[in-house]
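Working notes, beginning with the structure itself.
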Amino acid sequence: MGKKVTRIGVLTSGGDSPGMNAAIRAVVRTGIYHGLEVFGIMRGYQGLIEDDIYKMESRSVANIIQRGGTILKTARCKEFLDADGRKKGYENLKKRDINGLVIIGGDGSFRGAVQFSQEFDIPCIGIAGTIDKDICGTDFTIGFDTAVNTAVEAIDKIRDTMDAHDRIFIIEVMGRDAGYIALHSGIATGAENILIPERKTDIHDIITSLLEKERRKKLVNLIVVAEGEDSGGANKVQEILKEKLPNAEIRVCILGHIQRGGSPSCLDRLIASRMGFHAVESLIEGRHNVFVGILNNKMHYIPLESAVKNKGTISEEWMKIVKILAS
Ligand code: ADP
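Be aware that the sequence shown starts at 1, since it is given in this note's numbering, and climbs by one per residue.
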């Protein structure tokens, strides 16, 4: 248990995700409820280093729960990778007597927090905000539900035209290292194939089944691809398939950044509110260097370090469901 926390800072860092605003709101209002002073740090670690820090009131977070993005803005900050940069950040907290930090971000931001808390006596609490859901130890990360629903809505629309024209569609969704958006949106839209970074892509298997469909003259097929899938993403998959199926109409659609934006879903607003609330409560209780996760609907406090080291794994059950339901 550390020193009593009286003044806390909150920042959003790395990739933005819908629901970050709901988390900021929860941190600010829970902090104020407990008599803490709360400071917003702009643009993640960049604002920490550049002293772009301001005091927040309850009204500072009015009317933001439904907004995507983050009112504190976010950034990727190279300077924070250096000890000198982190020291500048520490000094800016020190001069305001800020003695607790809430970091809303992904595993990169948590890595920064681990480094920072090893060097300086500032307890850090993480809140997992990432559309990729690639943080182990929590069933939810803020933004995943919204992103996956955006993908599902888009894929449903594409499916209509795919079906009308008997086309093969390859749809690329976000996920450089994690296939959860592809897996969830693919299953939910009835995709025949889902290609994810966690599994080796068996392109020959896809070709065999497409050739079989071609023989039956019914070449409608939906392939959902995570951007980090190992054959090189949707365009590369299209290239390989075109070679083997020269008569097929094969189209690509890359969903891109629409998956990051938009109003957060009810679920994302709820988990952001719960996590924000518990992040502050846990700082007050003296916890440090953990992130707030939810497992089996219960709050869990997981060492920031383990979020850094562990990547979630995709169970065989999911892969079986994909295969059987698409056949
Ligand atoms: P995300 O949090 O979404 O995974 P990044 O991986 O870009 O996003 O990380 C966000 C920021 O966290 C980086 O720009 C950098 O400032 C900081 N960071 C990441 N890794 C480290 C590290 N090993 N040491 C210090 N800071 C780090």
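Cβ coordinates follow ideal geometry from the N, Cα and C atoms, glycine included.
Closest to residue i by CA distance: which of the options is it?
i    : options                  : result
G14  : E50, A26, A113 and R96   : A113
V280 : G108, L219 and I103      : I103
V38  : S58, P197, S209 and M319 : S58
T189 : D51, R260 and A151       : A151
F277 : H34, G69 and K4          : H34
I127 : S109, I49, Q118 and S263 : S109
Y45  : V10, P197, R29 and E316  : V10
D145 : G137, V61, I250 and G129 : G129
H165 : R251, T138 and T141      : R251
G31  : S282, R260 and D230      : S282
V5   : C124, F80 and I53        : C124
P197 : L211, H288, G89 and Y180 : Y180
P303 : S117, K242, L183 and L93 : S117
I203 : K242, T161 and I71       : K242
I223 : A178, D132 and N235      : N235
R67  : R287, R86 and C266       : C266
L245 : H257, V290 and K217      : K217
D51  : T70, D16, R25 and K87    : K87
E238 : R269, I206 and E305      : Position check: residue 238 holds Gln in this sequence, whereas Glu was assumed. Closest option to Q238, Cα to Cα, is I206.
K200 : A26, N92 and S231        : S231
K73  : E305, E317 and G105      : G105
Tell me whether residue i, by its Cβ, gets closer than 7 Å to a heavy atom of the ligand ADP.
i    : result
L255 : no
T130 : yes
S58  : no
F144 : no
R76  : yes
G106 : yes
F120 : no
S13  : yes
R111 : yes
F140 : no
Y45  : yes
Q66  : no
Q259 : no
L93  : no
L81  : yes
Q115 : yes
Hey, residue i and residue j are a contact pair by Cβ (cut 8 Å); roughly how many whole angstroms apart?
i    : j    : result
D97  : R7   : 5 Å
I194 : C253 : No, I194 and C253 are not in contact; Cβ-Cβ is about 15 Å, not under 8 Å.
G228 : G175 : 6 Å
I65  : R260 : Wrong, their Cβ atoms sit about 18 Å apart, outside the cutoff.
N221 : L211 : About 11 Å separates the two Cβ atoms, so there is no contact after all.
In chain order, what residues of the same chain lie with their CB nearer than 7 Å to the CB of residue i, ignoring the 5 residues before and after it?
i    : result
D107 : D134, I135, A307 and V308
K55  : E37 and F39
I324 : none
L255 : A151, A154, I171, E172 and V173
G233 : E172, V225 and E227
I284 : V5 and H34
Buried or exposed: which applies to residue i, given that a residue is buried once 16 or more other Cβ atoms fall within 10 Å of its Cβ?
i    : result
M1   : Because the pLDDT at M1 is just 49, under 50, the model does not fix this residue reliably, and the value given afterwards should be weighed accordingly. Looking at its Cβ environment, which holds fewer than 16 other Cβ atoms inside 10 Å, M1 is exposed.
T330 : Outside the modelled stretch of the chain, which goes from 1 to 327, sits residue 330, for which no answer is possible.
I155 : buried
N149 : buried
S315 : exposed
T138 : buried
P264 : buried
I321 : exposed
R215 : exposed
E83  : Per the sequence shown, residue 83 should be read as Ala rather than Glu. Answer is exposed; the Cβ neighbour count stays below 16.
N297 : exposed
D268 : buried
L81  : exposed
D16  : buried
T161 : exposed
Keeping to the same chain, check which residues put their C-beta closer than 6 Å to that of residue i; ignore five residues upstream and five downstream.
i    : result
M319 : none
T326 : Per the sequence shown, residue 326 should be read as Ala rather than Thr. Once the five neighbours on either side are set aside, the close Cβ partners of A326 are E192.
A248 : I168 and L219
A272 : G19, A22, A23 and I142
V28  : V38, M56 and V61
A75  : R43, G44 and Q46
I41  : G9, L11, G47, L48 and I53
K3   : none
E79  : I49 and G85
So with Cβ pairs under 8 Å, would you call residue i a contact of chain C?
i   : result
K87 : Given the protein chain composition of this structure (a single chain), no chain C is represented.
Which same chain residues end up closer than 8 Å to residue i when comparing Cβ atoms and leaving out the 5 residues on each side of it in sequence?
i    : result
I294 : T138, D139, F140, I271, R274, M275 and H300
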